[in-house]
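With the numbering used here, you'll find the sequence shown wraps up at 272, consecutive numbering, no jumps.
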Amino acid sequence: MRTRYSYVKKPAMPTYIVFIGPPGVGKGTQANILAERTGLPHISSGDLFRENIQGQTELGKLAQTYINRGELVPDDVTIAMIRERLSHPDCARGALMDGFPRTPAQADAFTEMLADFGGKVDLVPCIFAPEAMLVERLSGRWTCRAQGHIFHQVNNPPQKPGVCDIDGSELYQRDDDKIETVRRRIQVYTAQTALLIAYYRQRGLLAEINGGRAIEEVTADLLAILPSRCYAETN
Ligand code: AMP
38 MRTRYSYVKK PAMPTYIVFI GPPGVGKGTQ ANILAERTGL PHISSGDLFR
88 ENIQGQTELG KLAQTYINRG ELVPDDVTIA MIRERLSHPD CARGALMDGF
138 PRTPAQADAF TEMLADFGGK VDLVPCIFAP EAMLVERLSG RWTCRAQGHI
188 FHQVNNPPQK PGVCDIDGSE LYQRDDDKIE TVRRRIQVYT AQTALLIAYY
238 RQRGLLAEIN GGRAIEEVTA DLLAILPSRC YAETN
C-alpha cells in the first residue's frame with residue numbers, strides 16, 4: 038500500500054539539524070541513532086578530520102597539529118571540508134551535523150552555504166551534562182581501529198581487553214581522549230562553542246536536552262522534536 042508520503046521523491050527543502058554539546062555528551066551516539074531513524078546522513082567534522090589524518094592527506098596533516106593539542110582547526114579549512122561533504126548526493130535530503138558549526142563565525146558561513154543548497158538550519162538540539170561526567174566518559178573511552186566502535190573501560194568494557202567485540206580489531210585510545218587533552222577540549226568548548234548556544238537561542242532554534250541520562254531517554258526527547266518531514270521517505 039502506498040503510504041501518505043510515498044509520492045514524495047525529494048522534499049522541497051532539505052532538513053539540517055545541528056547538534057551542539059561538549060565532547061563526551063553523546064552527540065555522536067544520538068546522531069547515529071537518528072540517522073538510522075530518518076535516513077539522513079550523520080556528518081561528523083571530527084570523523085572527517087580523522088579520515089583525512091588516516092589517509093595522510095594534506096588536510097589531515099594540517100588538522101592533526103591542532104587536533105592533538107585539543108584546539109579548533111582554522112575555519113577556512115573546516116568550512117571548505119564541510120561544503121565538499123554536503124555536496125555529495127547522500128546529503129540531498131539534508132544532514133545531521135555533529136561538531137560543525139562550532140563557533141558563530143562557522144554558523145554564519147553555514148547559513149550561507151545552506152542557502153546554496155536550498156535549505157537552512159531547522160533545529161539545534163543542545164545536549165548538556167556535568168563536566169565531571171564528560172571527563173569520566175571520555176578518558177575511559179576506547180575506540181575500535183577498524184570501524185570506530187566505541188567501548189568504555191567502566192560503563193561498557195569489551196569482553197577481551199584491547200579487542201573490539203564486534204569486529205575483533207584493536208582498540209585504541211584517541212590521542213585527544215587522554216585526560217589532559219579532554220580537559221583542554223572541554224575548556225575550548227566552554228570558551229568558544231558556548232557562544233554558539235546564544236547564537237541559536239537568539240534565532241529561536243535551540244532545544245536544550247539533558248544528556249546525563251540513559252541513551253534511550255535522550256533519543257526519545259530528540260525524536261519528539263524533529264521536524265516531521267525528516268520521516269517523509271522512511272514512513
Ligand atoms: P570531535 O570528534 O568533534 O571532538 O572533534 C575532534 C577535534 O577535531 C576537535 O577537538 C577539533 O580539533 C577538530 N574539529 C572538529 N570539528 C571542528 C570544527 N567545527 N571546527 C574546528 N575544529 C574542529
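Backbone N, C-alpha and C define an ideal beta-carbon position, used for all residues, glycine too.
With a 10 Å radius around the Cβ and a threshold of 16 neighbouring Cβ atoms, I104 comes out buried. In this structure, I119 keeps its C-beta atom at 7 angstroms or more from the C-beta atom of Q101.
Exclusion of the five residues before and after I216 leaves S176 as the residues of its chain whose Cβ lies within less than 6 angstroms of its Cβ. By DSSP's assignment, G131 forms a beta bridge with T52. Residues T140, P141 of the same chain have their beta carbon placed closer than 8 angstroms to that of L232, with the five preceding and five following residues left out of the count. The C-alpha of D214 is placed about 21 angstroms away from the C-alpha of T115.
Straight-line spacing of the CA atoms in L133 and R266 works out to 14 angstroms. Only residues of its own chain outside the window of five on either side were considered, and among them T256 have a CB closer than 7 angstroms to the CB of I70, listed in chain order. The three-state reading of DSSP puts I57 in strand, counting E and B together.
With fewer than three CB-CB distances shorter than 8 angstroms, the stretch 146-157 does not count as touching the stretch 223-238. Non-local beta-carbon contacts of L99 in its own chain, meaning distances under 6 angstroms to residues more than five positions away in sequence, are absent. With contacts defined by Cβ atoms closer than 7 angstroms, D127 and P51 do not form a contacting pair. Distances between the C-beta of Y237 and the heavy atoms of ligand 1 are all 6 angstroms or more. Residue state for V62 is assigned as coil, using DSSP reduced to three classes. Excluding the 5 residues flanking it on each side, A72 has same chain C-beta neighbours closer than 7 angstroms at P78, H79, L133, in chain order. Secondary structure note for A244: its beta strand (DSSP E) is the uninterrupted segment 243-247.
The alpha-carbon of G131 is positioned some 32 angstroms away from that of C201.
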